[in-house]
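Enquirer: So that we are looking at the same thing, I have put the structure below in structure tokens.
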Amino acid sequence: MADDLHRLTLHEAADLLHTKQVSSVELTRAAFERIRAVEGDIHAFITLTEEEALGQAARADEVLAEGRGTLLTGIPAAIKDAISTKGVRTTAGSKILEPFVPVYDANVISLLREAGFVMLGKTNMDEFAMGSSGENSAYGVTHNPWALDRVPGGSSSGSAAAVASGMAYWALGSDTGGSVRQPAALSGVVGLKPTYGRVSRFGLIAFGSSLDQIGPFARSVRDAAAVLETIAGFDQRDSTSAPVEVGSYTERLDEGVKGLRVGVPREYFVEGMDANVRDAVEKAISQLASLGAEIDDEVSLPSTGAAVSVYYIIAPSEASANLARYDGVKYGFSFDGGSMWEDMEGTRQHGFGEEVKRRIMIGTYALSAGYYDAYYLKAQKVRTLIRREFDAAFQKHDVLIAPVTPTPAFKIGEKTGDPLQMYLSDVCTIPVPIAGLPAISVPCGFATADDGARLPVGLQIIAKPFDEATMFRAAHAYEQSTSWHKEFPPF
Amino acid sequence: MSLTPDEVRHIARLARLGVTDEDVERFSDQLSHILDYFEQLKQIDTDDVPPTAYTLDLHNVMRDDEPGPSAEAEDVLANAPHRDGDYFRVRAILEE
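If you read the sequences in order, they're chains R and H. Here this note's numbering is used: the first residue of the first sequence is 425, the next is one more, and so on. Here this note's numbering is used: the first residue of the second sequence is 372, the next is one more, and so on.
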């Protein structure tokens, strides 16, 4: 059994813990053994916290011995390095935060500590969550466990790769334009973005504040639902946190999809889409039909094609304001330029990476005098149209189904030369945060690349605001009728 | 839509971002390319469409004004790149 511990789901590992077949300390030791075995190839982590993890595991074993504890108690997990952890260095993948140690926990971390989780470490990511491949980290590239010469997706690259390769039972990421769903799809795990306002952003290092949401990665829909249940809910420290009851996501999970009204928006099947990806998604839709869902493939969301422009104006605009705080005075990297302005400009020049600078430039331009109306305001108006089209579609449908990405994982270095091409690869994930909706990526098959690599494909299920329960129910019904989620990378 | 090197320098200055001549050249090329793509938005009729700043229908969120514990000053100052006792050390802002 001990050899296979790393292949278990969160629920399976919790069963072993609660029936005393294994202790949390044993699970945690096994996780670090797995990390030592594969981390050299994958590079999922920026910081490992083994000592703290073993301490948390020992405390979890005490709690479990007393018959207390929740599903997450004693289970090792990995946390994206954009989420503040008191006393544990938090870099957001940036050199500018290399020495930064937060003085408080993010709200999600406080909730997870109460639940008795075990934190293995902080995961690699595109700097300030700006990227679709993991290649924009100041701490090196994360490799896709299914093909080491390919990207795992981004920006939550390390979290996706850690779960996919069996280093962590689950992980947290953050999703602004697809940064959980896209790496989940490319790495072959479950990952979701909750409704905007569902999970507190307190302590999440800000990128695009009207879009950012923290979301879980896991090896099953049931696992992901259980993690979201723990981290969701109102928090007065985030003024955009919604005062909406969470309810149970796991209770109604098994109710199936009979009669569920499923819409398939045709604009998501974009030109240039990989044939294997299209095939896998179409088969998944037929599978849902065979499970009793009512499929309507005549759905149209005409503004979908404008979403990439809207996003790459709004998110960089918000980022340019959020990242103004990195001045080299209060924390982080500080450059000595000989005078105040030279210090500040040098700190930002040498502390930020290429993509972050590019987005600060785009955002500053879009917000600058004379251009605000043409770019930022225009983007916000088209944002309204995108949301209205979703609202209209949800009058007739319970969920919408789409691909997560137009292609499977691409090669490391393949798209770094052309920023716009990289942005365009986000076309299927971007509309969801623009409209503030919840959406999940579930493994739905494999694509065979030209070089013979066998690469995971994700199915995206989009739901109404605060209707994560229906999203999980549809995703679980599909997942349980297939075996894709049981596949494990070949090493 | 093309951005001149001077415009790129102006934006970099607004953002307090140090740039080299090489950066200016590259950004002027890349940003022009990206701004060209954004031109597609002009085709969309948004007359009488209100802007969406964010997607929740929450306004003027208030909380009770209850005192709570603050972060430890020592923990905060431990992150300071330059400190002087219990102060952040900064350069003189006013010039002669």
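All residues carry an ideal CB built from backbone N, CA and C; glycine is no exception.
1) Taking 7 Å as the CB-CB limit, is R/P843 close to chain H?
2) Among the residues of its own chain, which have a CB less than 8 Å from the CB of R/D842, if the five just before and after it don't count?
3) Checking contacts by CB at 7 Å: is R/Q819 closer than that to chain H?
4) Can you tell me the Cα-Cα spacing of R/D930 and R/G687, whole angstroms?
5) CA-CA distance, R/I825 and R/R676?
6) Around the C-beta of R/F541, are 16 or more other C-beta atoms found within 10 angstroms, so that it is buried, or is it exposed?
7) Return yes when the Cβ of H/R454 is within less than 7 Å of the Cβ of H/R460, no when it is not.
8) Can you check whether the C-beta of H/D446 is within less than 7 Å of a C-beta belonging to chain R?
9) Have a look at the DSSP bridge pairing and note the partners of R/M543.
10) Determine whether the beta carbon atoms of R/R807 and R/I858 lie at a separation below 7 Å.
11) Which residues in chain H sit within 9 Å of R/T808, going by Cβ to Cβ distance?
12) Report back the beta-carbon spacing between H/D427 and R/G860 to the nearest angstrom; my notes put them in contact at under 8 Å.
13) Tell me where the alpha helix (DSSP H) around R/V688 begins and ends.
14) Kindly list, in the order they appear in chain R, the residues whose Cβ is closer than 7 Å to that of H/Y408.
15) Assuming R/Q773 is part of the beta strand (DSSP E), what are its boundary residues?
16) Please decide whether R/M425 counts as near chain H, where near means a Cβ-Cβ distance under 7 Å.
17) Counting only the same chain and skipping the five closest in sequence on each side, list residues whose C-beta sits under 6 Å from that of R/V753.
18) Taking only beta-carbon positions, decide if H/V395 is within less than 7 Å of chain R.
19) Whose C-beta lies closer than 6 Å to the C-beta of R/T433 among residues of the same chain, with five residues either side of it excluded?
20) What do you get for R/D662, buried or exposed, if any count of 16 or more other CB atoms within 10 angstroms of its CB means buried?
21) Suppose the cutoff is 7 Å on Cβ atoms and the five residues either side in sequence are ignored; what does the same chain contact list for R/M425 look like?
22) Could you run through the stretch 531-549 of chain R and flag, in chain order, every residue whose CB is less than 7 Å away from some CB of chain H?
23) Do you know how far the Cα of R/F915 is from the Cα of R/A468?
24) Just the Cα atoms here: how many angstroms apart are H/P452 and R/I520?
25) Please return the same chain residues whose Cβ sits closer than 8 Å to the Cβ of R/E490, not counting the five positions on each side in sequence.
26) Evaluate R/T566 with the Cβ neighbour count: other Cβ atoms within 10 Å of its Cβ, from every protein chain shown; 16 or more gives buried, anything less gives exposed.
27) What does a CB cutoff of less than 6 Å around R/L495 pick up in its chain, not counting 5 residues either side in sequence?
28) Which two residues bound the contiguous beta strand (DSSP E) that contains H/R387?
29) If we count Cβ pairs, one from each stretch, closer than 8 Å, do we get three or more for the stretch 786-803 of chain R versus the stretch 714-724 of chain R?
30) Rounded to a whole number of angstroms, what is the C-alpha to C-alpha distance between R/S579 and R/F552?
31) H/H404 touches chain R at which residues, Cβ-Cβ below 7 Å?
32) Return the residues of the stretch 508-531 of chain R that lie within a Cβ-Cβ distance of less than 7 Å from chain H, sorted by chain order.
33) Could you tell me whether the Cβ of H/G389 comes closer than 7 Å to any Cβ of chain R?
34) Specify the secondary structure class of R/L432 as computed by DSSP and reduced to three states.
35) For R/A477 and R/R513, I'd like the C-alpha separation in whole angstroms.
36) To which residues does DSSP link H/R454 through a beta bridge?
Expert: According to the data block:
1) yes
2) none
3) no
4) What the structure shows of chain R is the stretch from 425 to 915, and residue 930 of chain R is not part of that stretch, so it cannot be assessed.
5) 20 Å
6) buried
7) yes
8) yes
9) R/A501
10) yes
11) T417, V420, P421, P422, T423
12) The sequence as given places Leu at residue 427 of chain H; Asp does not occur at that position. With 8 Å as the limit, H/L427 and R/G860 qualify as a contact, their Cβ atoms being about 7 Å apart.
13) No alpha helix (DSSP H) holds R/V688; the beta strand (DSSP E) holding it covers 685-689.
14) S733, L844
15) Premise fails: R/Q773 lies in the alpha helix (DSSP H), 764-775, not in any beta strand (DSSP E).
16) At R/M425 the pLDDT is 47, less than 50, meaning the model places this residue with poor confidence; the figure from the coordinates comes in the next sentence. It does not; no Cβ of chain H falls within 7 Å.
17) none
18) no
19) R643, S644, D647
20) buried
21) Bear in mind that a pLDDT of 47 at R/M425, under 50, signals an unreliable position, so the model cannot answer this.
22) none
23) 15 Å
24) 11 Å
25) none
26) buried
27) A438, A650
28) Element bounds for H/R387: n/a, residue is neither H nor E.
29) no
30) 8 Å
31) L844
32) F524, V525, V527, Y528
33) yes
34) coil
35) 15 Å
36) H/F459
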